[in-house]
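Numbering (the UniProt record's numbering), first residue to last: 1 to 593. For every residue, glycine included, the Cβ atom is placed at its ideal position computed from N, Cα and C. Small disclaimer: the values here were computed from a predicted structure and weren't measured.
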């Protein structure tokens, strides 16, 4: 009995540790044999090193009545129950089912019509401490579902996505019991795996409308199951990704979702955000630090905003005009958690502003994420969306609240790339202490278009010349320009022509004549102009030649380059060094060119 109790306690430690560090799920990983096997040596304890041999020893003597006497049947139940759970922990599900079946039969032997169903209680254990026929049956059913799920995994890995959808779709609407924290150590997260397999299969089939519908149902279940288990946290994050992909790829897909389902989706997203934002950094259960729910909530808010505008415009054309309420009449309460509220109602409590509700939401969301330093999480997906939206709004001819939008846009750039760093407080910007993302070529267009001067500077004027801080930003952008974009004309041929070689006058290839090339057509000229007007002629000449490589017809470049080379020639002559005609002639030729 001492060995039995010690083994039960050691196994309980293993199961408790596993429940706190459940592995993440992926559609390609099998929940049966392919997962991470928990080693009995990883948990400290006086018998953990010998758990496998102890379990085997106890199994061999479990049914020996000469040793256990009247305790034989209970001994057999406890040993088989322990061995089944140990085998489940090791991923040997077929053998685990066999020992669970034996445990069930032993429990049936002890049934007494007067005392009722047999119950064996493991008083020293936290996980699976009650052994009954019902509990054993639940474990068996869980393993059987897991075996079926493994078959579905094989279909997924083989590319039979339609078969996967047909098998899993009926299970989507089956009610699932809420998982108890105490059961997590022995439960196989087959339900989260089912949900993810179904959504990923629909994505592979590009059935975005059905994917969004199923993701909404799956998210509702996942939110109801929110617990410390990492499997459900991973499921929530992956479901947000599926919903975002469906909205992005589908054609006006939110119009095809019933309004009640859209409201439920909004409420569930808000619940996740509330739980995440209210969690403490020092708590044992880490918050879901993702920006994806905010992105989804914005897209739903924007859709609802357009929907309301359409309804209002149609009602104005069809209905008689109504008398507006007095200005001093109180506003109705709209912020609640009722399932019928719209997504716009979520942000009605924000301060008065000329911004539209969706733009106000972007500002409030950034403030909340900034307080936790999360605004650049998920590779800055939320702020990149905000930059895109604000850039489109500012490009309109007439824009109300332009100053607010400009400040919000600069706040995004500060969080994403650390620019503008100087005078940030004077501009009303805040340091959110978020991890900046790398500046990429695809993201640099919006940054460049915002910080470049409204008109290119001329070589003989100081107006529109960039600042030193913008110069640092543009130098960063030059480092991420793809090589194929760099030179329409090779830099070497331009240099050879300027130095008096036989190369022809630089000219754009026919395929690029008249083609607008964002960033490329201006960035080198702006940098060269900055260095030219700060009398750093070597750097200026380098960037002027790069500009000639992409824009050879710019007269200001040739004029400024001639002046810079003339200055270098003057410096050479004024140096009063021993005469050497070679370098002076080279400088003179390049200046004349």
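With 16 other Cβ atoms within 10 Å as the buried cut-off, status of residue i
| i | result |
| --- | --- |
| residue 241 | buried |
| residue 2 | exposed |
| residue 77 | buried |
| residue 565 | buried |
| residue 67 | exposed |
| residue 441 | exposed |
| residue 128 | buried |
| residue 221 | buried |
| residue 370 | buried |
| residue 540 | buried |
| residue 96 | buried |
| residue 135 | buried |
| residue 194 | buried |
| residue 375 | buried |
| residue 17 | exposed |
| residue 554 | buried |
| residue 53 | exposed |
| residue 443 | buried |
| residue 377 | buried |
| residue 276 | buried |
Residue span of the alpha helix (DSSP H) that contains residue i, given as start and end
| i | result |
| --- | --- |
| residue 203 | 190-204 |
| residue 494 | 491-498 |
| residue 467 | Residue 467 -> no alpha helix (DSSP H), and no H or E assigned at all. |
| residue 226 | Careful: residue 226 lies outside any alpha helix (DSSP H) and carries neither H nor E. |
| residue 266 | 259-278 |
| residue 77 | 72-89 |
| residue 354 | Unbroken run through residue 354: none, as it is neither H nor E. |
| residue 133 | 133-157 |
| residue 418 | Note, residue 418: premise wrong, no alpha helix (DSSP H); not H, not E. |
| residue 61 | 51-61 |
| residue 105 | 93-109 |
| residue 459 | Where residue 459 is concerned, there is no enclosing alpha helix (DSSP H), given that its DSSP letter is neither H nor E. |
| residue 170 | 161-172 |
| residue 442 | 441-451 |
| residue 483 | 483-486 |
Own chain, CB closer than 6 angstroms to residue i, minus 5 neighbours either side, in chain order
| i | result |
| --- | --- |
| residue 458 | 556 |
| residue 106 | 76 and 77 |
| residue 80 | 99, 102 and 103 |
| residue 215 | 199, 239, 242 and 243 |
| residue 385 | 295 |
Close Cβ partners of residue i (< 8 angstroms) along its chain, the five nearest in sequence each way excluded
| i | result |
| --- | --- |
| residue 393 | 359, 399 and 405 |
| residue 173 | 217 |
| residue 124 | 5, 8, 9 and 12 |
| residue 223 | 236, 268, 271 and 272 |
| residue 482 | 441 |
| residue 391 | 409, 446, 449 and 450 |
| residue 57 | 3 |
Nonlocal neighbours in the same chain, by C-beta distance under 7 angstroms from residue i, ignoring five residues either side
| i | result |
| --- | --- |
| residue 162 | 205 |
| residue 120 | 74, 77, 78 and 131 |
| residue 209 | 250, 253 and 256 |
| residue 548 | 494, 506 and 557 |
| residue 465 | 457, 529, 530 and 533 |
| residue 381 | 291, 292 and 295 |
| residue 509 | 488 |
| residue 232 | 192, 222, 225 and 226 |
| residue 373 | 432, 433 and 434 |
| residue 462 | 533 |
| residue 523 | 448, 474, 477 and 478 |
| residue 152 | 164, 167, 168 and 197 |
- Task: Indicate whether the contact test is met: 3 or more Cβ pairs, each with one atom in the segment 354-370 and one in the segment 300-312, closer than 8 angstroms.
- Result: Put simply, the segment 354-370 touches the segment 300-312. At least three CB pairs are less than 8 angstroms apart.
- Task: May I have a chain-ordered list of the beta strand (DSSP E) segments no shorter than 3 residues that lie completely inside the UniProt repeat "TPR" (521-554)?
- Result: Fully contained in the UniProt repeat "TPR" (521-554) is no beta strand (DSSP E) run of length 3 or more.
- Quick one: any contact between the segment 363-378 and the segment 408-416, if contact means 3 or more CB pairs under 8 angstroms? Put simply, the segment 363-378 touches the segment 408-416. At least three CB pairs are less than 8 angstroms apart.
- Message: Could you tell me which whole beta strand (DSSP E) segments of length 3 or greater appear in the segment 363-403?
- Response: Fully enclosed beta strand (DSSP E) runs of 3 or longer: not present.
- Is the segment 531-545 close to the segment 502-517, with three or more CB pairs under 8 angstroms? Fewer than three Cβ pairs drawn from the segment 531-545 and the segment 502-517 lie within less than 8 angstroms of each other, which leaves the two stretches out of contact.
- Message: So, does the segment 242-257 touch the segment 195-211, judging by three or more C-beta pairs under 8 angstroms?
- Response: Yes, the segment 242-257 touches the segment 195-211.
- Query: With a cut-off of 8 angstroms, do at least 3 Cβ pairs link the segment 457-475 to the segment 536-552?
  - Reply: Contact between the segment 457-475 and the segment 536-552 is absent, because fewer than three Cβ pairs lie under 8 angstroms.
- Query: Are the segment 137-157 and the segment 191-200 touching by the rule of at least three beta carbon pairs closer than 8 angstroms?
  - Reply: Touching, yes, given that three or more Cβ pairs across the two stretches are closer than 8 angstroms.
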